[in-house]
């Protein structure tokens, strides 16, 4: 009869291992979802700041129409694809970032604009929002890396396959301009 | 992050268990001496510890903050600091942004407190805000949030209470022993056996607080390295923290609000002496020069790369738990942010900025006169108007 107990013990151990692996996968997937929500919050914050910025710059540099329009267009496009997947969204947001940094480079040439209190406050907000986008993307990608590793390595890949845990997409910047200058400079 | 917390718990668990054992030993010694029963003494020691624990936790998380003239700030008080804390909260993935306090003290320092990550607070001194640029401040804040995320704040709170209990018991126990002399209640052990017992108990009472303090400091030093590693991971820019540590350690002013129990909470040891090789066992913090050296020789931002840099500098085994390193692969560093070396971001401007916050927090009223002078009116003033000392304009209050 002793072998029955051995079998029972093995079954119990395997069951425990399965449950803990499953819970680990769920926890990591939830972290990915939370991180994604955080990116979303910061990107929306940037959409809200841009009209203000465009208005303020327009008051001092109205003949930079092309640059201003490019930013507005990129923002509207980004807002339209707001429900798309991480890969596509990252591309559009990268374009918005580079349009923004062009606008802020243009603003350099206007000393009156740079002395404007409203512009200075917007500058701190926009710098910080760019940073927050960067950091939330960083946290998201770290979370995705950990989650994807878990779905691919043995033995948790078996559990992942059984319960349909799929690998998640990274949020990667594809725009060359943004990769070169991830920070917005106002100086 | 989870792997790291778990590894931390195991390592720190050992040290806390050691301290707990010391506490019980002290109880044994006292009980044996006074009541002739070791168990009763140990029980009393544990009860004293539990009471101190309850008192500390029921007083809330603000003991540290109430000690040091700390002012809680909102976003509009100091937008840059608020934004940096928010950025680092995002980077570290903490569930909730900690409260922010500014301490009115010219010595640059910072600490984190709070039992749980969702009830945490960070405090920075006005001197720190004045000295550091954006990248450096970010490094320091990331280090403090690292303490919160790694559950160090809770651990150090438990450790410091245990240390306090051992010190108090041993101190009063040995006092009473000395002055009550032969008037022992215990009659079960007599003759030479009693004398040996007395000596053993006395030695234990003298050694226990020292041993407990060393353990507490060892615990603290390990946490500092790990928080440094977390800072590099969150900011992807170890140079920020390195240069902040350089500036902070170059300062000669001593923090007024610090004491022995709270010292491990600060980013840099508030009691350090100039020129002292602080690598010995009695320091709460690792030597700052070594911390800077490790940060500067990092080739990437991950824990694995911090560990490699540490081995290279110290030539010993690493400080980061192995299970943590496997989790995350190599991570590239970033460049210095451009606003950090901006000409407008000067020390004078930063000093004014934080000065304004503190005047406001102390309920001073600020009046900008048209001649360019700035008047600070203290709270509770009786007069209905003030005269500008420079141009003589009278301002209504």
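Chains as they are written, first to last, in our numbering: chain A, 1 to 187; chain B, 188 to 584.
Ideal Cβ placement from N, Cα and C applies to all residues, glycine included.
For residue 572 of chain B, the pairing in a beta bridge is given by DSSP as B:583.
For residue 564 of chain B, DSSP records a beta bridge to B:552. Interface residue (Cβ-Cβ distance to chain B less than 8 angstroms): residue 132 of chain A is classified as such. For residue 273 of chain B, the nearest beta carbon of chain A is closer than 8 angstroms to its own beta carbon.
Less than 8 angstroms divides the Cβ of residue 235 of chain B from the Cβ of residue 356 of chain B.
For residue 285 of chain B, there are no C-beta contacts with chain A under 8 angstroms, since the nearest C-beta of that chain is about 16 angstroms from it. The shortest CA-to-CA distance from residue 299 of chain B to any of B:494, B:335, B:289 and B:386 is the one to B:335. DSSP, read as helix, strand or coil, puts residue 300 of chain B in strand. Contact annotation: residue 210 of chain B and residue 349 of chain B have beta-carbon atoms nearer than 8 angstroms. Residue 485 of chain B counts as buried, since at least 16 other C-beta atoms from the protein chains shown sit within 10 angstroms of its C-beta.
Neighbours of residue 277 of chain B in chain A, taken as residues whose beta carbon is under 7 angstroms from its own, are 38, 132, 135, 136 and 139 in chain order. Note on residue 200 of chain B: under 16 other CB atoms within 10 angstroms of its CB, so exposed under the neighbour-count rule. The Cβ of residue 20 of chain A sits no closer than 8 angstroms to any Cβ of chain B. The criterion of a C-beta distance shorter than 8 angstroms is not satisfied by residue 267 of chain B and residue 130 of chain A. Each residue's CA atom was taken as its position, placing residue 533 of chain B and residue 319 of chain B some 9 angstroms apart. DSSP places residue 110 of chain A outside both helix and strand once states are collapsed to three, so it counts as coil. Close to residue 101 of chain A, with beta-carbon spacing below 7 angstroms, lies no residue of chain B; the smallest spacing is near 11 angstroms. With a threshold of 16 other beta carbon atoms within 10 Å, residue 571 of chain B falls short and is exposed. For residue 124 of chain A, the chain B residues whose C-beta falls within less than 8 angstroms of its own C-beta are 266, 267 and 270, listed in chain order.
For residue 156 of chain A, there are no C-beta contacts with chain B under 9 angstroms, since the nearest C-beta of that chain is about 13 angstroms from it. Selection A:84, A:99 and A:172 evaluated against residue 50 of chain A yields A:99 as nearest (Cα-Cα).
Taking 8 angstroms as the cut-off between beta carbons, none of the residues of the stretch 389-411 of chain B comes near chain A.
Not flagged as an interface residue toward chain B: residue 98 of chain A, since no C-beta distance is shorter than 8 angstroms. When the Cα atoms are used, residue 56 of chain A and residue 77 of chain A turn out to be separated by approximately 21 angstroms. For residue 288 of chain B, the uninterrupted beta strand (DSSP E) segment begins and ends at 286-290. Any Cβ of chain A closer than 8 angstroms to the Cβ of residue 577 of chain B would place that residue at the interface, and such an atom is absent. Contact annotation: residue 28 of chain A and residue 150 of chain A have beta-carbon atoms nearer than 8 angstroms. Between residue 388 of chain B and residue 216 of chain B, the gap from beta carbon to beta carbon is short of 8 angstroms.
Residues of chain A with a Cβ closer than 9 angstroms to the Cβ of residue 280 of chain B are, in chain order, 31, 34, 35, 38, 139, 142 and 143. In terms of CA proximity to residue 155 of chain A, A:25 leads the group A:25, A:59 and A:79.
By the neighbour-count definition (other C-beta atoms within 10 Å, threshold 16), residue 279 of chain B is a buried residue. Closest in alpha carbon position to residue 62 of chain A, among A:42, A:41, A:107 and A:101, is A:107.
The contact set of residue 62 of chain A on chain B, defined by CB atoms closer than 9 angstroms, is empty, because the minimum CB distance reaches about 26 angstroms. When DSSP states are grouped into helix, strand and coil, residue 261 of chain B belongs to the coil group.
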